[in-house]
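S.K.: Handing you this structure, nothing more for now.
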Amino acid sequence: MTFRRGRRLTFTFEGSPLEAYEGETVAVALYAAGVSVLSWSSGLGRPRGLFCMIGKCSSCFMVVNGVPNVKTCREPVREGLAVERQRGWVPPADAAELGEVETRELETDLLVVGGGPAGLSAALEAAQQGLDVLVVDEHLRLGGQLLKQTHKFFGSVELFGGLRGFQIAGEYLKKLESNGRVRVLTQSAVYGAFRGGLVGVVGRDAHYVVKPRAVVGTPGASERYLDFANNDLPGVVGAGGVQTVMNELGVKPGERALVVGSGNVGLIISYQLLQAGVAVEAVVEILPEVGGWFVHAAKVRRYGIPILLRHTLKAVYGTEKVEEAEVVEVDEGFNPVPGSEKRFKVDLVLLAVGLEPDARLFAQCGAVMRWSPDLGGLVPLRTPGLETSVRNLYVAGDASGIEEATTAIIEGRVAALSAVSKLTEGSRAGRAAEEAERLNRFLWEEYRASPLLARARRGKQSVTVSEEEMEKVRALSPPPVSFG
Amino acid sequence: MEVPPYRRTGIVELGELARLGLLPPERRLRRGPVAVLECPEMIPCNICVPYCPTKSIRMERLIDLPAVDWETCTGCGMCVAVCPGLAAFVVDLSKEDYDYVTVPHEFLPVPRVGDEVVLLSRRGERVGRGTVIRVWERNRTHVVTVRVPKGLGMEVRAVWVER
Ligand code: SF4
Ligand code: SF4
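Respectively, the protein sequence lines represent chains A and B.
Using our numbering, the letters of the first sequence correspond one by one to residues 1 to 484.
Using our numbering, the letters of the second sequence correspond one by one to residues 485 to 647.
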């Protein structure tokens, strides 16, 4: 991988000048400069380093130009910015001091919440079908987790197979731009939905109240955490967090790493660490078999990275950051086997122990939710067309249950086509419904027929109900908000 | 269902490849370069199929295992370049003095023709040294053909350039 860096600039960290590149976030610029402690916890004053890097945790809250609790993983570094560490939660200054923020009203046919693989494909499909689309995303640029996927995707040529993740994002962005029907709000967060079908968005420079005719929610997922001694020490990072640092921004994340979890994410990140010149001591897996696909495991094994099955992380050690990690074998009941401890001198411990769907938007709208261990947690009940019990609110991608990027792309299209079939009339509506059905047949009967996707398939089957059943659910639990 | 050993080790044995129809027959291996697709699971993927210039890879459904027609495969290495799983290799066991192996390579530095490189087995063991005889690139995957000691053609599955 090669990186084209932006202009050099200078900002200050606790009074001293630091250099950075335009296009970096504050958290990454600090990391690159060797600052591993970004804040201290409120109660015990324990050091905090970066963790998720996608705005879903609170590990990187700092004071930026006097404003506390800024998510520095989402804050672009700028010339002259003043950054300071904070201790615990700092109450923001009162509203009067912060000044007025303008409220703007927006109308759109389709609001897409989240610009990752599912959101991008939903937005493009809907725009191509003639709908006006608004995409809201928290990050600096659209693409979601695709931006940091440097490996080639599986699938078929039509499904972008063979392209690398960031190249797929690039393809979508080009098409969205040339389509002209898609408006984009980056660095903007949807904070709630309200009666009357209104959606509130905190934007970069304004507050928006959006009135959409339909919403496709593709907020993605967040990284799971693991219980072990000192698990909050800087240097313990989510796999996705390290991908941001390394693959999106081109900063070497450490020297020696231990990866916890042998699912595809853990295996892929191990290979990418090796590509970045980081030594990977081992991949640790608590189960008696590799979690991810064989081809990903074979890739790391042939470069000499061991996969320790039936092992778990017991503790990490270090003063201000990770210096050592201790791994222990487990028995059939997942209990540690005394005396089997092994220690690794590492400065990075990557957690790739699974993802949890982001359920907030759907739960807040009052959609009927289901708990599915196969899907990673709480997900909205949905029809085959991916409509939730909240009328005109659709779900797609990891938020519909953890699966993978290619299925997220297909789901995004299914959701958009279902919305088109409802929002339009005549032959256009009919064609959209047919196309959604065709895609669904492919998804369920061909793609998910792979035994490697059996678990997600089973999970998704268990949370999908027919249109008629959904009407009964709506009658029993009428949602407080509706769109359209 | 029995867990296949490769799901515990991350290493597929030749016997397993043969059982799944992924290993070219001995006679074909002795005749010249041929593809070995180490793709034992039913991945939803068929990328190697449309890219094979001689149409030698067949697959009915997206999730089927790739079936190579060993007779028409020329060992060109295109599948090595495009396979997202980095699971495609070309081996040539036809020469008396050396074997030849073609592997995907995505690490820096990129090997150059004439370089002596470390040969790695499926287990990541350093099984010897070989000489790079050809390198080409496609979408950032380098396709490296290396001359290896006789007998290592079915062992070597990666190379490493020592800095
Ligand atoms: S080596 Fe060339 S001819 Fe043989 S299967 Fe691969 S792409 Fe086809
Ligand atoms: S391209 Fe690679 S992973 Fe995909 S089917 Fe062919 S050999 Fe298997």
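Every residue gets a Cβ at the ideal spot worked out from N, C-alpha and C, and that includes glycine.
Can you tell me whether DSSP reads M246 of chain A as helix, strand or coil?
M.R.: Three-state result, M246 of chain A: helix.
S.K.: Whole-angstrom Cβ separation of G165 of chain A and T150 of chain A, contact assumed at under 8 Å?
M.R.: With 8 Å as the limit, G165 of chain A and T150 of chain A qualify as a contact, their Cβ atoms being about 7 Å apart.
S.K.: Quick one: is G15 of chain A buried, meaning 16 or more other Cβ sit within 10 Å of its Cβ, or exposed?
M.R.: Under this definition G15 of chain A is an exposed residue.
S.K.: Going by CA-CA distance only, name the one from B:E525, B:T538, B:I541, B:D581 that's closest to R514 of chain B.
M.R.: Checking every option, the nearest Cα to that of R514 of chain B belongs to B:D581.
S.K.: Span of the alpha helix (DSSP H) holding H626 of chain B?
M.R.: No alpha helix (DSSP H) contains H626 of chain B, which is instead part of the beta strand (DSSP E) from 625 to 633.
S.K.: From V184 of chain A to V136 of chain A, what does the alpha carbon distance come to, in whole angstroms?
M.R.: C-alpha separation (whole angstroms): 6 Å.
S.K.: Below 8 Å on the Cβ atoms is my guess for L501 of chain B versus V295 of chain A; work out the distance and round it to an integer in Å.
M.R.: So it is not a contact: roughly 13 Å between Cβ atoms.
S.K.: Can G266 of chain A be considered in contact with ligand 1, in the sense that its beta carbon sits closer than 7 Å to one or more heavy atoms?
M.R.: No, Cβ of G266 of chain A sits at least 7 Å from all heavy atoms of ligand 1.
S.K.: What are the residues in the region 425 to 455 of chain A lying within 9 Å of chain B by C-beta distance?
M.R.: The region 425 to 455 of chain A vs chain B, Cβ under 9 Å: F442, E446, Y447, R448, A449, S450, P451, L452, L453.
S.K.: Pairing CB atoms from the region 444 to 460 of chain A with CB atoms from the region 519 to 526 of chain B, are three or more of them under 8 Å?
M.R.: Yes, since at least three Cβ pairs between the region 444 to 460 of chain A and the region 519 to 526 of chain B fall closer than 8 Å, the two stretches touch.
S.K.: Report yes if the C-beta of T625 of chain B is less than 7 Å from at least one heavy atom of ligand 1; otherwise report no.
M.R.: T625 of chain B: no, Cβ never under 7 Å from ligand 1.
S.K.: Using 10 angstroms around the beta-carbon of N530 of chain B, count the other beta-carbons present and answer buried if the total reaches 16, otherwise exposed.
M.R.: Buried, by the Cβ-count rule.
S.K.: Where does the unbroken alpha helix (DSSP H) through N65 of chain A begin, and where does it stop?
M.R.: Element bounds for N65 of chain A: n/a, residue is neither H nor E.
S.K.: Could you check whether the Cβ of V295 of chain A sits closer than 7 Å to any heavy atom belonging to ligand 2?
M.R.: Within the cutoff, so yes.
S.K.: Could you check if L18 of chain A is buried or exposed, using at least 16 other CB atoms within 10 Å of its CB as the buried criterion?
M.R.: The residue is buried, with at least 16 neighbouring Cβ atoms inside 10 Å.
S.K.: Taking the beta strand (DSSP E) that V330 of chain A belongs to, which residues open and close that run?
M.R.: Here V330 of chain A belongs to no beta strand (DSSP E), and DSSP marks it neither H nor E.
S.K.: If we ignore side chains and look at the alpha-carbon of each, how far apart do G43 of chain A and H311 of chain A end up?
M.R.: Spanning the two alpha carbons is a distance of roughly 32 Å.
S.K.: For D358 of chain A, does the count of other Cβ atoms within 10 angstroms reach 16, so buried, or fall short, so exposed?
M.R.: Buried is the call here.
S.K.: Hey, how far is the Cα of V473 of chain A from the Cα of V379 of chain A?
M.R.: Their Cα atoms are separated by approximately 15 Å.
S.K.: For A123 of chain A and A419 of chain A, which I take to be in contact (beta-carbon distance under 8 Å), what is that distance rounded to the nearest angstrom?
M.R.: A123 of chain A to A419 of chain A, Cβ: 11 Å. No contact.
S.K.: Taking 8 Å as the CB-CB cut-off, is Y303 of chain A touching chain B?
M.R.: Yes, its Cβ sits closer than 8 Å to a Cβ of chain B.
S.K.: When you measure from the CB of P76 of chain A to every non-hydrogen atom of ligand 2, does any distance come out below 7 Å?
M.R.: Not so, every heavy atom of ligand 2 lies at least 7 Å from the Cβ.
S.K.: Measure from the C-beta of F591 of chain B to each C-beta in chain A and report whether the shortest distance is under 8 Å.
M.R.: Taking Cβ atoms only, chain A reaches closer than 8 Å to F591 of chain B, which makes this a yes.
S.K.: Give the secondary structure of Q86 of chain A by DSSP, where H, G and I count as helix, E and B as strand, and everything else as coil.
M.R.: Strand at Q86 of chain A.
S.K.: In chain B, what lies closer than 8 Å to H151 of chain A by C-beta?
M.R.: P568, listed in chain order.
S.K.: Thinking C-alpha only, which one of A:G155, A:A396, A:V199, A:Q128 is nearest K175 of chain A?
M.R.: Selected option, being the one with the closest Cα: A:Q128.
S.K.: Could you work out which residues of chain A lie near E522 of chain B, taking near to mean beta carbons separated by less than 9 Å?
M.R.: Here the neighbours are F294, V295, A298.
S.K.: Is any non-hydrogen atom of ligand 2 found closer than 7 Å to the C-beta of C532 of chain B, if you look at the structure I gave you?
M.R.: Result yes, Cβ under 7 Å from ligand 2.
S.K.: Count the other CB atoms, across all protein chains shown, that sit within 10 Å of the CB of V491 of chain A; report buried if there are 16 or more and exposed otherwise.
M.R.: Since the first residue shown for chain A is 1 and the last is 484, residue 491 of chain A is missing from the structure and cannot be characterised.
S.K.: Candidates A:W89, A:E79, A:A325: which alpha carbon is nearest R48 of chain A's?
M.R.: Considering only alpha carbons, the answer is A:W89.
S.K.: Is the Cβ of F334 of chain A closer than 8 Å to any Cβ of chain B?
M.R.: Output row for F334 of chain A: interface = no.
S.K.: Tell me whether W444 of chain A sits in a helix, a strand or coil according to DSSP, three-state version.
M.R.: In the structure shown, W444 of chain A sits in a helix (DSSP, three-state: H, G or I).
S.K.: Under DSSP, the beta strand (DSSP E) around V611 of chain B begins and ends at which residues?
M.R.: Unbroken beta strand (DSSP E) run through V611 of chain B: 610 to 622.
S.K.: Should M638 of chain B be counted as a contact of ligand 1 given a C-beta to heavy atom distance under 7 Å?
M.R.: Result no, Cβ not under 7 Å from ligand 1.
S.K.: In the DSSP assignment, what are the bridge partners of E356 of chain A?
M.R.: E356 of chain A pairs with A:S222.
S.K.: Between L504 of chain B and chain A, is the shortest Cβ-Cβ distance under 8 Å, so that the two count as touching?
M.R.: No, L504 of chain B lies away from the interface with chain A (no Cβ there is under 8 Å from its Cβ).
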